[in-house]
Every structure is written in C-alpha cells, then in structure tokens.
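Data block below; observations after.
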Amino acid sequence: NYIEDNFNTDINIEELTELVPLSRRNLEVKFKEEMGTTIYQFILSCRIDYFAHLLLTTDRTLYDMALEAGFNDCKNISRIFKKHRGCTPVEFQKKYSNNFPP
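If you count the sequence shown from 1, you need to add 1025 to reach this note's numbering.
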C-alpha cells in the first residue's frame, strides 16, 4: 500500500528498503515474486493509471497532470503513455472522455 499511496512522489527503492526488513536485492526479488512485476514497473503503472484518470476528469495541461502523477520528465509523457496504453494522451481523451461520467 505504501507504493500505491506514494507513487506520485519521488519514491525510490532505497526508501522502500528503510520500510521493510529486507536488503534491496531481496526486496526486489520478493516484490517480483508476489506482484509479477518489478518495483519500477509497478510505480510506473500506478503513475500511468493516475495520469489516465486525470486525462478524463480534469481539463488541466498535460504538463500539470504529468507532474501530479509523479512524472519528473514531462517531455516524454506522450511517448511513455503511448507505449503503455497504445495511444497518445490526446487520443485517449478523445476515445474515452465521452464514456466517463462528469
């Protein structure tokens, strides 16, 4: 839950090792076994999901939404989003905004 509650901060693996009694390597291995993905990919997935939510529920700029979702490098948000969702943020908004209740 810590990651899900803090994904939009500058969270890192060293910070997580302070919260659990495991070495960095053991934490990474255990996380992958339990979650089926790496810590980095899980954080990225949380950020992408939240960014997608913001795309459908706000009219803020892509830059502002990317920052709120925890992306430090907002220049690449369209590329990252397209890689994970199969479309650009603008295409995503156009496709799904009509299906989302106000």
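Each residue gets a CB set at the ideal place from its N, CA and C atoms; glycine is no exception.
| Item | Value |
| --- | --- |
| Would you kindly report the start and end of the unbroken alpha helix (DSSP H) that includes D1044? | Inspection of the sequence shows that residue 1044 is occupied by Leu rather than by Asp. Here L1044 belongs to no alpha helix (DSSP H), and DSSP marks it neither H nor E. |
| CA-CA distance, L1044 and D1030? | 14 Å |
| I want to know whether the stretch 1036 to 1056 touches the stretch 1077 to 1084 - three or more CB-CB distances under 8 Å. | no |
| Can you tell me whether M1060 is buried or exposed, with buried defined as 16 or more other CB within 10 angstroms of its CB? | exposed |
| Return helix, strand or coil for C1112, following the three-state DSSP convention. | coil |
| At the level of alpha carbons, what is the spacing between F1117 and I1073? | 12 Å |
| Is the distance from the Cβ of F1032 to the Cβ of I1068 below 7 Å? | yes |
| Ignoring anything shorter than 4 residues or poking outside the stretch 1037 to 1104, list the alpha helix (DSSP H) runs there in chain order. | 1038 to 1042, 1049 to 1060, 1064 to 1082 and 1087 to 1093 |
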